[in-house]
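These notes are about the structure you will find just below.
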Amino acid sequence: MNPGDRVRVERAGHTYEGVLLPSSTDEHLVVKLEGGYNVGIDREHADAEVIEEDVYDVVEETSTGRDLSDHDVAGAQDDDGESEIEFDDELPTISLISTGGTIASTVDYRTGAVTAQFDAEDVLRAVPDLAGRANYRGRVVANILSENMTPEVWQELAEAVVEEVEAGADGVVVMHGTDTMQFTASALAFMLETPVPIVFTGSQRSADRPSSDNVMNAVCAVEAAKSDCAEVLVCMHASESDDRCALHRGTRVRKNHTSRRDAFETVGAEPLGEVDYDTGEVSFRRAHERRGETDLAIEPALESDVELVKFTPGMDPAFLDVVEGKSGLILEGTGLGHVHTDLVPRLEELIDDGTTVVMTSQCLEGRVCDRVYDTGRDLLDAGVLEAGDTLPGTAKVKLMWALANAADVEEAMATSLAGELQRRSVPWE
Amino acid sequence: MTEYDYDELGLVAGLEIHQQLDTATKLFCNCPTELRDPEESTRRFTRYLHPTRSELGEIDEAALEESRVDREFEYLAYDTTCLVEEDDEPPHRLDDEALETALEIAQLMDMQPIDQAHVMRKIVVDGSNTSGFQRSTLIAVDGEIETGEGAVGIEDLMLEEESAQRVEETDDGVVYSLDRLGIPLVEIGTSPDISTPEQAREAAERIGMLLRSTGRVKRGLGTIRQDVNVSIAEGARVEIKGVQSLDDIDDIVRTEVGRQAELVEIAAELGARDASVGDTVDVTEVFEDTDSGVIRGALDAGGSVTAVPLYGFDGLVGREIAPDRRLGTEFSDHAKRHGAGGIFHTDELPAYGVTEAEVAALREAVGAGSEDAVAIVAAATEVAESAIEAVAERAESALEGVPEETRGANDDGTTRYLRPLPGAARMYPETDVPPVEPDPSAVPEPELLTEKVDRYQAEYDLDAGLAEQVAYGEYMPLFESVVDGVSASDASGGSSDSSDGVDPTLAATTLESTLTELRRDDVPVANLADDHLEESLRLVDDGEIPKEAVGDLLSALADEPSLTAEEAVEREDLGGVSEDEVREAILEVVERNEKQVEEEGMQAFSGLMGECMGALRGKADGDLVSRLLREEIQKRA
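Residue numbers (my numbering), protein chains in the order written: chain D, 1 to 429; chain E, 1001 to 1637.
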């Protein structure tokens, strides 16, 4: 008896008939009944027989989550499996790069959770609304959940973006899980000089629901990728309505809610721009790098030996022993940028030992300033660098990049390289 | 109405009953299950829905059909709704109270609970669910209820979330209210075991009684909906949606049997006549100079008239198949679904301003003879074209007999065409909610309402009528808790020590008679919360206010529900007059009428009683006044 078989199960005098599904526990047989309902039947007390083998190909689905050969459903493919989408000289070419994540995900029967499984062509199929807005190139760099993202994948992604732009892409859309999107966007912002927009997007509500935010986010991301803003951007819902997406600078954005569509916010400023879903119009609030002004360049090297440590009251000083010998340490301090006074000597040792220690604030909003209180002054005396209003996560990525690429790390950390460090504190702008 | 031999016709009917549960919180979040006025909305937002493939890789045709138009949905949110209703937060775990209630209901119907219940997503893209699906869980199967005409099987019981309430249609789409979304709902489906209209009604009544026996179902308009499936041997399965009242069920079944029987006869007659449906034709020219208002209007707006010849149909299109509904009405329903206002057909023409000459020209234009019929649609060209195709299609199925379809209940017991029967395979698992393993042993079996009626008489000395009113009434759970001395806000069950409880007769008469009287006097009784009623009953029971004042108190609370009962007593000055004050007032009355008392003795009682009550303006308990007055009279007699 295997998943996909039509089965008849007797249990306490009642007969259940349907297709056997992969069960997530050993105790239950899960059967999809005629009416569409799934039921779990106690294996121990059930009497099951196979009526017909292999009536449905769910075994294949267990491994891939979905029968990917079933191409004609969304209408983007003809019967031969060839793409029906023809190249249109009038339209710009946008490269869609998939890294996995909710925007391209479906159900995994074994874990019962949502996993990533689409390639870029699948996204076109899943989001038919993209048709007619651009010519598309698609590629898959990774197929991972964004919590499994690594600096190595950031580097592969950066290389892929360069290849796509060299191959003629007028803009790049990166489909990415939302959990760590801000880190990857920051990484690309530091690694790349780009003449075209690089727009990250994803979805907060899974693509397997009719209400998913993936359609509007993808459509708006493509519009942003066609725009004049040659920066690394994050394009996600601006509100809980399906009316417009906000465009955030990759180094200033933060996922500030676990589940809302409008979870992404620019910290310390209003979003850089906006895309109107209805009209596709892209507008910007502030100055930005313009298309074609920069030559394409990449400096992908990263020093991966960098940690981010959040200080909280009661923290065991031994915690800092773990980072001994590391190249870099980002501290997420309290308030203006503080840690317990007793930790200052230990930090001084680390710095003397060659670790670059940079202070950020867990307030997130606002600028670190260690000249105001004694603890701060002691930290500065110990050699701790200040990250200004750089977000802690961004600061970590920046330090990884600076340690590998900058001639003067201290100066790099005090300079805005990709919009991460704002010169003026004007959060209302 | 004609009575049919249902056995001979082979009537098979089943019921689907949807009942909202009266739980403290919604099925997948901790919001209250409270209905709101759209004007109280505090937030609004807009969404679109995009259909997805179901778990087994198919797109439901009905879902696709609904999604073809790019509709915008606007949602009204309240201070009683949260991100879960907005589909901006994953659902919480299945509500325990709702599951327990569903199991209680399953037990009352002798059903077998599912070992491991899986929450499913049922795709619905009309916007009534923000997610684009309704969450539904099969909880139990294979039960049975008794009726006078034999057992009726209960196939399944589902626990699902109620949809959002449609507020209005706009040019862009639909406005929905989120207050109702997520209220737990049980759906109970019977087997097709029902063989007479009376049995359908009896089964529905029985199920309704069992549901209310739990004391945990919502009451009032819209909280229970009944769908009826009907077919006769030569007919077809027809699903009738939205029967609002139990009283209508037998009529609905009777009328549907009649409709199917007539359609079968019509099909036989059409077969004998070798009837057929011709090609649709544009007949705008025939009506170029028409004086028919409807047609003139359509043509002046740039529209067209389309027609379909129905060979051999003469006289049958106008034939009545249900009270005041003809075969032509069915055609018309289909035309309406495609946006037309309706149809005209030759069985009813000339009429509506269409002349005899025009009818003749029409017949000529489509090649229809005197034994044939013609149906026409006048509307905007595109609508007229698709509507007449729909009419032709429906006429084709008239040749076969009864089409399978979903119909909607009308107020007069008839039904109208709604849409084709929905397909299966539009469900996939709700992965955000883990499966639950219901534990039926933890669920107490509730006392049936029929058993309650007996107990109320035996235990509380209520008369049979009042006992039945209370047991079947809206306030049964409140009655039981106040009489048992358990606060209504506490869990039910509780102690049998009735010393803290309110007097059962007081509670019963107040909750039934007094409230009925108030309702009759247009007091907004619906504003009264359980707390109001409970506090008021306690005040009377504790002697804080006389029972004569309870009507005034409840009336005051209904007018201003923000008050507590005690505040209302104070404000309305209903409060207890002390025994001394009562005696004082009585003394005054007795002294004023001293002479009469001396002369008549106890004969003066009834006259003076009225005067005393008047003097106390109903603020004193009648029994007390009576006792003290007797004492005073006796002293002097």
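We put the CB at the ideal spot given by N, CA and C, even for glycine. Since the model is a prediction, treat every value here as computed from it, not as a measurement.
TODO: Give the single residue among E/L1554, E/D1542, E/S1536 and E/L1506 whose Cα lies nearest to the Cα of E/L1518.
DONE: The option with the nearest alpha carbon to E/L1518 is E/L1554.
Task: Residue closest to D/G333, alpha-carbon to alpha-carbon, out of D/A297, D/V368, D/G354 and D/S425 - done: That would be D/V368, whose Cα lies nearest to the Cα of D/G333.
TODO: Out of E/V1569, E/E1146 and E/D1412, state which residue places its alpha-carbon closest to the alpha-carbon of E/D1250.
DONE: With distances taken between Cα atoms, E/D1250 lies closest to E/D1412.
Task: Touching by the beta-carbon criterion (3+ pairs, under 8 Å), the stretch 1531-1540 of chain E and the stretch 1550-1569 of chain E - done: Touching, yes.
Task: chain E residues whose Cβ lies nearer than 7 Å to that of D/S211 - done: Going along chain E in sequence order, the residues near D/S211 (Cβ under 7 Å) are R1047, L1049, D1087, T1130, S1131 and G1132.
- [ ] List the residues that DSSP assigns as beta-bridge partners of E/T1415.
- [x] Looking at the DSSP assignment, E/T1415 forms a beta bridge with E/A1409.
- [ ] Just mark D/F87 as buried or exposed, buried being the case when its beta carbon has 16 or more other beta carbons within 10 Å.
- [x] With fewer than 16 other beta carbons inside 10 angstroms of its own, D/F87 counts as exposed.
TODO: Determine the closest residue to D/K398 out of D/T294, D/S186 and D/E223, with distance taken between C-alpha atoms.
DONE: Of D/T294, D/S186 and D/E223, the residue nearest in Cα terms is D/S186.
Task: Neighbour flag for D/G36 against chain E, beta carbons, 8 Å - done: Yes - at least one Cβ of chain E is within 8 Å of the one on D/G36.
Open item on the list: Quick check: the Cα distance between E/D1172 and E/E1534, rounded to an integer number of angstroms?
Closed with: E/D1172 and E/E1534: Cα-Cα distance of roughly 47 Å.
Open item on the list: Using a Cβ-Cβ distance cut-off of 8 Å, determine whether E/H1092 contacts chain D.
Closed with: Chain D places no beta carbon closer than 8 Å to that of E/H1092, leaving this residue out of the contacts.
TODO: Could you tell me the boundaries of the beta strand (DSSP E) in which D/C245 lies?
DONE: Per DSSP, D/C245 belongs to the beta strand (DSSP E) from R244 to R249.
Open item on the list: Just to confirm before moving on: does the CB-CB distance between E/V1354 and E/S1292 stay below 8 Å?
Closed with: In this structure, E/V1354 lies near E/S1292, with their beta-carbon atoms less than 8 Å apart.
TODO: Mind listing the chain E neighbours of D/A12? Cutoff is C-beta to C-beta under 7 Å, in chain order.
DONE: Neighbours of D/A12 on chain E, chain order: Q1112.
Open item on the list: Quick check: what's the CA-CA separation for E/R1419 versus E/G1339?
Closed with: C-alpha separation (whole angstroms): 14 Å.
TODO: Ignore the nearest five residues each way along the sequence and tell me which others in D/A418's own chain have a CB closer than 6 Å to its CB.
DONE: If we look at D/A418 and ignore the five residues flanking it on each side, its Cβ neighbours are A189, F190 and T251.
Task: Alpha-carbon to alpha-carbon, E/V1286 and E/L1362 - done: Their backbone Cα atoms lie some 6 Å apart in a straight line.
Open item on the list: For the structure I just gave you, are there three or more beta carbon pairs, one from the stretch 1151-1159 of chain E and one from the stretch 223-241 of chain D, closer than 8 Å?
Closed with: With the cut-off at 8 Å, the stretch 1151-1159 of chain E and the stretch 223-241 of chain D do not touch.
TODO: Report the rounded CA-to-CA distance for E/S1131 versus D/L379, giving the unit in angstroms.
DONE: Answer to the nearest angstrom: the Cα atoms are 51 Å apart.
Open item on the list: If I follow the unbroken alpha helix (DSSP H) through D/I144, where does it start and stop?
Closed with: In the DSSP annotation of this structure, D/I144 is not part of any alpha helix (DSSP H), being labelled neither H nor E.
TODO: Report the residues of the stretch 1099-1128 of chain E with a CB closer than 8 Å to any CB of chain D, ordered along the chain.
DONE: The residues in question are Q1112, I1114, D1115, Q1116, A1117, H1118, M1120, R1121, K1122, I1123 and V1125.
Task: Within chain E, the residues that D/H248 reaches when beta carbons sit closer than 8 Å - done: The CB of D/H248 never comes closer than 8 Å to any CB in chain E; the least such distance is about 19 Å.
Task: Beta-bridge pairing of D/Y373 - partner residues as DSSP gives them - done: Its beta-bridge partners do not exist; DSSP assigns none.
TODO: Could you work out which residue in D/V173, D/E156, D/T180 and D/T184 is closest to D/V196 when comparing CA atoms only?
DONE: Considering only D/V173, D/E156, D/T180 and D/T184, the residue with the shortest C-alpha distance to D/V196 is D/V173.
Open item on the list: Strictly under 8 Å for the Cβ-Cβ distance: is D/G40 near chain E by that measure?
Closed with: D/G40 has a beta carbon lying within less than 8 Å of a beta carbon in chain E.
Task: Cutoff 8 Å: E/L1138 Cβ touching any chain D Cβ - done: Yes, E/L1138 lies at the interface with chain D (some Cβ there is under 8 Å from its Cβ).
- [ ] Measure the C-alpha to C-alpha separation of D/R205 and E/L1138 and round it to an integer number of angstroms.
- [x] Taking the straight line from one Cα to the other gives about 25 Å.
TODO: Could you name the residues of chain E that D/S445 contacts, counting a contact when the two beta carbons are closer than 9 Å?
DONE: The structure shown does not extend to residue 445 of chain D, since chain D is modelled only from 1 to 429, so the question has no answer here.
Task: Beta carbon proximity, D/E223 to chain E, threshold 8 Å - done: Not an interface residue.
Open item on the list: For a cutoff of 8 Å on Cβ pairs, would you count E/D1142 as touching chain D?
Closed with: Yes, E/D1142 lies at the interface with chain D (some Cβ there is under 8 Å from its Cβ).
TODO: List the endpoints of the continuous alpha helix (DSSP H) containing E/A1373.
DONE: Boundaries for E/A1373: no alpha helix (DSSP H) harbours it, while the beta strand (DSSP E) harbouring it runs A1373 to A1379, taken from the DSSP string.
- [ ] Verify whether the separation of the beta carbon atoms of D/E34 and D/G13 is less than 8 Å.
- [x] No; because the gap between Cβ atoms is not below 8 Å, this pair is not in contact.
Task: E/Y1687 - containing alpha helix (DSSP H), residue span - done: Since the first residue of chain E shown is 1001 and the last is 1637, residue 1687 of chain E is not available in this structure.
TODO: With distances taken Cα to Cα, identify the nearest neighbour of D/V322 among D/E307, D/T312 and D/G314.
DONE: Among D/E307, D/T312 and D/G314, the Cα nearest to that of D/V322 belongs to D/E307.
Task: CB contact flag (D/L192, D/V153, <8 Å) - done: For D/L192 and D/V153, no; Cβs fall outside 8 Å.
Task: Distance cut-off 7 Å: E/L1099 Cβ against heavy atoms of the ligand COA - done: Within the structure as shown, the ligand COA is missing, as the structure has no ligands at all.
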